[in-house]
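Scroll down for the structure; my scribbles are underneath it.
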Amino acid sequence: MSTATAPILRIENIYKSFGETHVLTGISLTVQPQEVVVLVGPSGSGKSTLLRCINLLSPPDSGRIWLEEQEITAPGVNPDKVRQRIGMVFQDFNLFNHLTALGNVMIGLTKVRKMSKKEAHDLAMFELERVGLVDRAHHYPAQLSGGQKQRVAIARALGMDPHMMLFDEPTSALDPELTGEVLEVMQQLAREGMTMIVVSHEMGFARQVASRVVFMEGGVVVEEGTPTQMFEQPVHERTRVFLRKIADMDSGGR
Amino acid sequence: MDVVQNLVTTFNFILQGVWVTIGVTLVALSVGLVFGVAMAMARVYGPPFLQAVAAVYSVIVRAVPVVVIIFILFFVIARFVNLSPFWAGSLALGFASGAYQSEIFRGAFQAVPPGQMIAARAIGMSKLQAIQSIILPQAVRLALPAWGNEATLVLKDSTLVFVVGVPEILRRAQQVSARTLEPFMAFSVAMLLYLILTLVTTQVLQWFERRYRLQM
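Structure below.
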């Protein structure tokens, strides 16, 4: 690995269990600035848990994480401040139900970034424009389609001016015809240089956008490489079998 | 006409109690709201110790007749702090209503999808900020139908402060009936006034419910 730039994220030997279930069993991963890492793996392999460990929504049991050279797993680190630097997008959107699209983007700006109403409004409108939803600014979540909800969720995360973004299966809850608009926004973000970790089985997106594909199983990284390496000539049999299965589903599903 | 004259006098006398009834109800509901929301928050989001305190409060207060609480406040507590019958009665009612409201808000807090809290934390809100700006506004909307029911119950329970001599509708009805010896007339007027108050209350609350309906 080139050492020209410092990694934006370094994860070292993370363990995480829920009761008797050992979800992450000593996982390590390094992400460079502007990289787009696509995490794949069978369900239960710990992909979502890894994302939640990274932004400390569910802190690891042991192991260490550095974000931009700062160890965020060190004692005394305020997790709220860490989360402001890491945007997160969820499978089921989790838009705030009592707020309009605009309100959803604004609330973090006024409450967390302490902006004035006016500043927050203008920035929120700008973020909604980035995801192409200015005309839906005054709609409530219940009045939006799934794809629109997810784009608002992305705008909400972007408003916090994150240094990297985590996407937890952002298109899995969407009807197939709605995934395109969300993937397009993500692709545009990648082009603008946003560092992203994406849990997704959208193989088309992985092939076109990912700098690296990471295959996880049993709470560890089994294999990682460029999309071409991973799709054309994976080293491990397990990787090959899994990616084949996903690819079949992908072509069969459309 | 004697009857008409009587009715007018009776009505005017009892009518002055309407403001007292409204006052008792508003104080009790407000006190109950503060207690209820605080206790519900303690039970759903608080540390184990506060959860236990809130649960015990709710169980004990709901097990005791409201009149007993009024007597305790008026005859015991009011000996140490200066409490008028109005305040003793209203605070006791509020204290009791708080227990019921805590159950209403506990249910409402729990009905807010867990993803709302996670998403709020993910944009860097502290737990308290998330409860304030994201959870509470939704919980209040979810609680409105049950809260409206509690409001009408408290309105009717406000008659209980009668026992410590607060001149609300029922107390005045009783006084005027003793004087005119026309209990039917007096209590009919009281009934009519309660009916109007309850109908107005439910209409207002239903308007709020429609206005702030939460779509999920």
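If you're matching them up, the sequences are chains A and B in order.
Residue numbers for the first sequence follow the working numbering, beginning at 94 and rising by one.
Residue numbers for the second sequence follow the working numbering, beginning at 201 and rising by one.
From the three backbone atoms N, C-alpha and C, an ideal C-beta is built for every residue, glycine too.
What you are looking at is a predicted structure, and each value in this text was computed from that prediction instead of being measured.
Could you work out which residues of chain B lie near G363 of chain A, taking near to mean beta carbons separated by less than 8 Å?
Nothing in the structure corresponds to residue 363 of chain A, since chain A is present only between 94 and 347.
In chain A, what lies closer than 7 Å to G315 of chain B by C-beta?
F183, D185, N187
Rounded C-alpha distance that separates N282 of chain B from L273 of chain B:
11 Å
Residue from B:V237, B:F211, B:Q403, B:A390 whose Cα sits closest to the Cα of Y177 of chain B:
Because residue 177 of chain B is not part of the residues shown, which for chain B are 201 to 416, the question remains open.
Using three-state DSSP, classify Y108 of chain A as helix, strand or coil.
strand
Short of 8 Å Cβ to Cβ, which residues in the region 239–256 of chain B face chain A?
none
Who are the neighbours of M253 of chain A on chain E, taking C-beta pairs under 7 Å?
This model lacks chain E altogether, as its protein chains are A and B.
Please say whether V278 of chain A and R244 of chain A have beta carbons closer to each other than 8 Å?
yes
Alpha carbon of A228 of chain B to alpha carbon of P265 of chain B, nearest angstrom:
16 Å
Whole angstroms are fine: how far does the CA of M257 of chain A sit from the CA of M94 of chain A?
Only weak support exists for where M94 of chain A lies, its pLDDT of 48 falling under 50; the value from the coordinates is given anyway. The alpha-carbon atoms of M94 of chain A and M257 of chain A are separated by roughly 20 Å.
CA nearest to the CA of S304 of chain A, picked from A:Q322, A:G312, A:R178
A:Q322
Under the three-state DSSP convention, the category M323 of chain A falls into:
helix
Contacts that L150 of chain A makes with chain B (C-beta to C-beta distance below 7 Å)
I318, R321, A322
Mind checking which residues open and close the beta strand (DSSP E) that includes S121 of chain A?
114–124
With a threshold of 16 other CB atoms inside 10 Å of the CB of R347 of chain A, please say whether the residue is buried or exposed.
Bear in mind that the predicted position of R347 of chain A carries a pLDDT of just 42, short of 50, making it too unreliable to give a figure here.
Distance cutoff 8 Å, beta carbons only. Does D51 of chain A sit that close to anything in chain B?
As displayed, chain A neither begins before 94 nor continues past 347, which places residue 51 of chain A out of reach and without an answer.
Roughly how many angstroms lie between the CA atoms of P126 of chain A and I101 of chain A, to the nearest whole one?
5 Å
Does P337 of chain B have its Cβ less than 8 Å from a Cβ in chain A?
yes
Report all residues from its chain with a CB closer than 8 Å to the CB of P383 of chain B; omit the five preceding and five following residues, and keep chain order.
S377
What do you reckon, are the CB atoms on L405 of chain B and A390 of chain B nearer than 8 Å?
no
Using 8 Å for Cβ pairs, my map puts L293 of chain B next to V354 of chain B. What's the rounded Cβ distance?
6 Å
Return the residue from the list A:E105, A:M181, A:G112 that minimises the CA-CA distance to L144 of chain A.
A:M181
Backbone secondary structure at D420 of chain B - three-state DSSP:
This structure cannot speak to residue 420 of chain B, because chain B is shown only from 201 to 416.
As assigned by DSSP and simplified to three states, the class of D261 of chain A
strand
What are the complete beta strand (DSSP E) segments, minimum 3 residues, inside the region 266–313 of chain A?
288–292, 305–310
Going by the DSSP bridge assignment, what does E317 of chain A pair with across the sheet?
A:V307
Any Cβ of chain B within less than 8 Å of the Cβ of G139 of chain A?
no
I want to verify the contact list: residues of chain A whose CB lies under 9 Å from the CB of S358 of chain B, in sequence order.
Those within 9 Å of S358 of chain B in chain A number zero; the least Cβ separation is about 32 Å.
Rounding to the nearest angstrom, what Cα-Cα distance links E317 of chain A and V307 of chain A in this structure?
4 Å
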